[in-house]
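**Student:**
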Amino acid sequence: MIRRYALRRVIAAGNLRWRLERWLRRALPGYCAFCYARLTGDLPWCPDCDGDLPWNVVACRRCAEPMATRGGGDVCGRCLRRPPAFDAAWVPLRYEGELIRLVQRFKFSADPRAGRLLMELLVHAMGTTAPCGERLIAVPGSWTRTRERGFDPVSWLGGSLAARWQLPRLVALRQRDAPSQRGLDRAARRHNVRDAFGLEGPLPESVLLLDDVMTTGATLESLALACRRAGARHIGVVALARTPPDRI
Ligand SMILES: [Zn+2]
Ligand SMILES: [Zn+2]
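This note's numbering puts the first residue of the sequence shown at 2, with every later residue one more than the last.
1) With DSSP as the reference, label valine 238 as helix, strand or coil.
2) Near leucine 103, which residues of its chain fall below 7 Å by C-beta distance, leaving aside the five closest residues on each side in sequence?
3) If you draw a straight line from the alpha carbon of valine 140 to that of alanine 240, how long is it in whole angstroms?
4) Would the beta-carbon of tryptophan 46 be found less than 7 Å away from any heavy atom of ligand 1?
5) For the region 175–193 against the region 211–222, do three or more pairs of beta-carbon atoms, one drawn from each stretch, fall closer than 8 Å, so that the two count as touching?
6) Can we count cysteine 64 as close to ligand 1, meaning its CB is less than 7 Å from some heavy atom?
7) When burial is assigned at 16 or more other CB atoms within 10 Å of the CB, is glycine 232 buried or exposed?
8) In terms of residue numbering, what span does the beta strand (DSSP E) encompassing arginine 136 cover?
9) When DSSP labels each residue in this structure, what does aspartate 49 get in the three-state scheme?
10) I'd like to know whether the C-beta atoms of isoleucine 236 and leucine 200 end up nearer to each other than 8 Å.
11) Under a Cβ-count criterion, where at least 16 other Cβ atoms within 10 Å of its own Cβ denotes burial, should arginine 243 be classed as buried or exposed?
12) Taking only heavy atoms of ligand 2 into account, decide whether any of them is closer than 7 Å to the Cβ of arginine 82.
13) Leaving aside the five residues before and after cysteine 64 along the sequence, list all residues of the same chain whose C-beta is less than 6 Å from its C-beta, in chain order.
14) Taking the C-alpha atoms as reference points, what is the distance between arginine 146 and valine 194?
15) For glycine 159, collect the residues of the same chain with a Cβ closer than 7 Å to its Cβ; drop the 5 residues on either side in sequence, then sort them by chain order.
16) Who are the near neighbours of glutamate 135 in its chain, counting only those whose CB is closer than 6 Å to its CB and skipping five residues on each side?
17) In this structure, how does DSSP classify methionine 215 when only helix, strand and coil are distinguished?
18) Is aspartate 43 buried or exposed, if buried means 16 or more other CB atoms sit within 10 Å of its CB?
19) Going by beta carbon distance, what residues of the same chain come within less than 7 Å of proline 203, once the five residues before and after it are set aside?
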């Protein structure tokens with residue numbers, strides 16, 4: 002009961018800060034977060050930069066991998082051959098250009114302004130309510146990298162997104178500290194994070210998983226399998242940005 006009350010207070014505080022920021026932007030229009038042009042609208046970036054951002058508009062419904070066209074349907078060939086453990090993915094941006102610099106500023110320099118801007122981009126693209134799920138579960142960061150950075154970026158995003166979507170969080174546990182996925186190919190990434198996560202069940206029927214950048218989807222796949230083992234039946238995933246297949 003006390004925990005539920007505390008959670009409601011955290012959610013209310015997060016919403017209040019967001020409303021205050023939006024009010025401040027209207028009252029004191031500032032400069033575009035990307036090009037420093039004077040702003041006229043509600044968003045912290047200008048229409049020109051909005052047009053230049055790598056929005057992931059044409060993407061697989063199941064894994065959010067960018068697709069050249071919708072000609073072959075809304076699910077990619079890889080998902081048709083080997084469906085992932087999650088049912089749907091929402092990843093509004095491609096991990097390229099300005100997005101790479103912004104994500105790196107957030108993750109490696111612990112820049113909270115970059116984190117807030119990433120959250121604004123995500124909510125702007127996805128709306129103010131969660132697409133599915135009764136609980137939000139952030140991919141838990143590696144112990145080593147969390148210690149090196151001084152914070153866990155995905156957990157930070159999870160707290161912020163839970164407040165915006167008014168979705169209670171559930172915490173997943175790392176069973177072991179998997180080495181970095183950087184530089185690994187698709188199969189090696191899958192092997193690297195196999196059985197890396199655990200959850201205390203039973204989970205609610207429907208959960209929504211969160212990561213910052215989705216590269217091959219191996220980490221989210223491993224977490225989704227752990228959620229299924231703990232009783233979830235419908236699993237959606239959300240991430241900020243998706244690495245295009247030619248960059249993996
Ligand atoms: Zn701009
Ligand atoms: Zn797919």
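For every residue, glycine included, the Cβ atom is placed at its ideal position computed from N, Cα and C.
**Tutor:** A quick look at the data gives this:
1) strand
2) Ala115, Leu118 and Leu119
3) 10 Å
4) yes
5) yes
6) no
7) exposed
8) Looking at the DSSP string, the run of the beta strand (DSSP E) that includes arginine 136 is 136–139.
9) helix
10) no
11) buried
12) no
13) Cys80, Pro85, Ala90 and Gly218
14) 15 Å
15) Leu137, Ala139, Arg170 and Leu211
16) Pro205 and Ser207
17) The answer is strand: DSSP assigns methionine 215 an E or B state.
18) exposed
19) For proline 203, where only same-chain residues beyond five positions count, the Cβ hits under 7 Å are Ala231 and Gly232.
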